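Residue numbers for the sequence shown follow our numbering, so the first one is 1 and each next one is one higher.
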Amino acid sequence: MAEHLESYINHKIVITGGLGFIGSNLAHRLIKMGDSQIILVDAMVPDCGGNYFNIHGIEDRLKVHIFDISDEDKTAELVRGAHYVFNLAGQVSHVDSMRDPHQDLRLNCASHISLLEACRKHCPEARIIYTSTRQVYGKAQYLPVDELHPLSPVDVNGINKLAAEQYHLLYNRVYGLRTVTLRLTNTYGPRQLVRHNRQGFIGWFIKQAIDGQEIKIFGDGKQRRDLSFVDDTVEAILLAGASEESEGQIFNLGAQEPICLLDLAQMLVEITGRGSVQLAPFPQERRAIDIGDFYCDYGKINRLLGWQPRTELRDGLSRTIEYYREYKEQYWS
């Protein structure tokens with residue numbers, strides 16, 4: 001076992017957003033590594049990805065608590081004595097953030113202050129790994145985007161995630177909390193919410209292809225994106241949590257190569273043998289927050305922690321499609 005993975009054995013580990021997409025994949029990975037006290041907390045906010053089936057097969061090896069981390073008293077009791085806190089809670093829909101900015105503020109910013117306060121008071125030595133988003137950058141002024149790129153979010157979601165980042169950095173500087181932030185980019189894979197298209201395009205494209213439907217791409221389809229398979233994302237999270245060098249740092253994740261959305265959709269049609277692709281004009285609500293071409297430079301996390309994406313896109317998509325075909329009834333309704 002790699003040295004960084006051994007760091008987690010026989011420790012108390014808390015995962016917020018633990019029944020969601022990335023949180024549940026992280027839990028599966030930790031369970032495979034050895035004996036640890038793994039605790040998941042999830043508010044189960046409708047349409048945010050929480051799904052009990054995501055922990056299918058490991059239910060009896062961890063504990064699950066259903067409440068919002070904005071409840072500081074409950075959160076304090078949960079994190080007391082924790083060695084690692086993987087803070088993955090929040091909602092990722094850019095469209096929903098614009099429709100209900102107050103809800104996004106609560107889920108993506110205010111609740112994280114409660115978590116940080118609970119950690120400051122009850123587990124000040126814990127490593128806290130926060131997952132943010134490349135959306136904090138806004139439209140790219142140059143490509144690939146590195147951590148020195150100006151920050152100018154184009155929607156409420158990006159603003160609130162950026163604020164939560166700053167709180168994590170502040171608590172590191174002022175209180176010495178051992179926080180680290182990862183800016184994720186278009187993570188995809190098994191256990192992702194695919195019922196609607198408000199939590200990222202890739203899950204929705206996959207569902208449409210499996211169902212033999214028309215994949216609708218807004219604009220000319222030439223927008224380039226970088227996609228990160230969830231196993232690679234989880235590896236980055238674990239590396240960041242196990243490293244003292246990561247404390248107080250912000251890291252981009254990224255992909256081996258960016259791909260334009262039209263090529264991605266055509267690849268999905270090819271892999272599934274179903275569906276079709278159609279270009280369509282941007283709806284106004286999406287045009288206003290679209291960022292055009294965007295892909296990240298992950299050189300910093302590669303240099304400091306040795307992380308790099310390892311999963312080829314076609315392989316990751318094939319594995320994802322295979323998973324949803326087997327467990328379709330658990331994610332389609």
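C-beta atoms are modelled at their ideal positions from N, C-alpha and C, and glycine is treated no differently.
Nothing here was measured: the structure is a model prediction, and the numbers come from that model.
Could you tell me which of the options sits nearest to residue i, measuring between CA atoms?
| i | options | result |
| --- | --- | --- |
| Glu-312 | Ile-259, Tyr-324, Gly-248, Glu-326 | Ile-259 |
| Leu-5 | Lys-32, Arg-274, Gly-273 | Lys-32 |
| Ile-237 | Glu-147, Leu-30, Val-145, Leu-19 | Leu-30 |
| Ala-89 | Asp-96, Gly-23, Asn-186 | Gly-23 |
| Asp-226 | Tyr-298, Leu-305, His-149 | Tyr-298 |
| Ala-265 | Ile-202, Ile-289, Ile-291, Gly-306 | Ile-202 |
| Ser-318 | Phe-282, Pro-281, Leu-169, Val-269 | Val-269 |
| Gly-20 | Leu-261, Val-45, Ile-9 | Val-45 |
| Ile-39 | Ile-13, Tyr-52, His-56 | Ile-13 |
| Gly-219 | Val-230, Gln-284, Ala-163, Thr-181 | Gln-284 |
| Arg-134 | Thr-181, Ile-113, Val-174, Glu-326 | Thr-181 |
| Val-95 | Asp-263, Arg-286, His-65 | Arg-286 |
| Tyr-323 | Asn-197, Arg-191, Cys-296 | Arg-191 |
| Lys-216 | Gln-91, Asp-263, Asp-104, Tyr-142 | Asp-263 |
| Phe-229 | Arg-314, Leu-170, Asp-100 | Arg-314 |
Under 8 angstroms between the Cβ atoms of residue i and residue j?
| i | j | result |
| --- | --- | --- |
| Ser-111 | Ser-70 | yes |
| Glu-147 | Lys-328 | no |
| Gly-248 | Thr-179 | yes |
| Gln-256 | Glu-214 | no |
| Gly-189 | Asn-25 | yes |
| Val-136 | Arg-195 | no |
| Asn-108 | Lys-161 | yes |
| Gly-49 | Gln-199 | yes |
| Ala-140 | Phe-294 | yes |
| Pro-309 | Gly-275 | no |
| Leu-177 | Gly-221 | no |
| Ile-113 | Tyr-167 | yes |
| Gly-316 | Gln-223 | no |
| Val-41 | His-65 | yes |
Assuming residue i and residue j form a contact by the criterion Cβ under 8 angstroms, report the distance between their Cβ atoms to the nearest whole angstrom.
| i | j | result |
| --- | --- | --- |
| Thr-233 | Thr-187 | 5 angstroms |
| Ser-93 | Asn-157 | 7 angstroms |
| Met-98 | Asp-47 | So it is not a contact: roughly 15 angstroms between Cβ atoms. |
| Pro-144 | Cys-296 | 6 angstroms |
Within its chain, find whatever has a CB closer than 7 angstroms to the CB of residue i; leave out the 5 residues flanking it on each side and keep chain order.
| i | result |
| --- | --- |
| Ile-321 | Ile-206, Ile-210, Ile-271, Thr-272 |
| Ile-159 | Pro-153 |
| Leu-115 | Thr-16, Ile-69, Thr-75, Asn-87 |
| Ile-9 | Met-33, Gly-34, Asp-35, Ser-36 |
Please name the residue or residues paired with residue i in a DSSP beta bridge.
| i | result |
| --- | --- |
| Phe-251 | Leu-182 |
| Ser-276 | Glu-214 |
| Arg-224 | Cys-260 |
| Ser-132 | Arg-183 |
| Thr-233 | Beta-bridge pairing links Thr-233 to no other residue. |
| His-149 | Paired residues: none, contrary to the question. |
| Tyr-295 | Its beta-bridge partners do not exist; DSSP assigns none. |
| Thr-16 | Val-41, Asn-87 |
Excluding five sequence neighbours on each side, which residues of the same chain lie with their C-beta closer than 6 angstroms to the C-beta of residue i?
| i | result |
| --- | --- |
| Ala-43 | Asp-68 |
| His-11 | Ser-36, His-83 |
| Gly-241 | Tyr-84, Arg-127, Ile-129 |
| Trp-307 | Ala-236, Leu-239, Ile-301 |
| Met-267 | none |
| Ile-250 | Glu-147, Thr-181 |
| Glu-165 | Ser-132, Thr-181 |
| Arg-61 | Ile-31 |
| Leu-305 | Leu-239, Ser-243 |
Relative to the ligand ATP, is the shortest distance from any of its heavy atoms to the C-beta of residue i smaller than 7 angstroms?
| i | result |
| --- | --- |
| Asp-211 | The ligand ATP is absent from the structure shown, which contains no ligands of any kind. |
Ignore the nearest five residues each way along the sequence and tell me which others in residue i's own chain have a CB closer than 8 angstroms to its CB.
| i | result |
| --- | --- |
| Ile-58 | Ala-27, His-28, Ile-31 |
| Val-79 | Val-14, Val-85, Leu-115, Ala-118, Cys-119, His-122, Cys-123, Ala-126 |
| Arg-325 | Ile-210 |
| Arg-173 | Gly-248 |
| Asn-51 | Leu-19, Gly-20, Ser-24, Arg-191, Leu-193, Gln-330, Tyr-331 |
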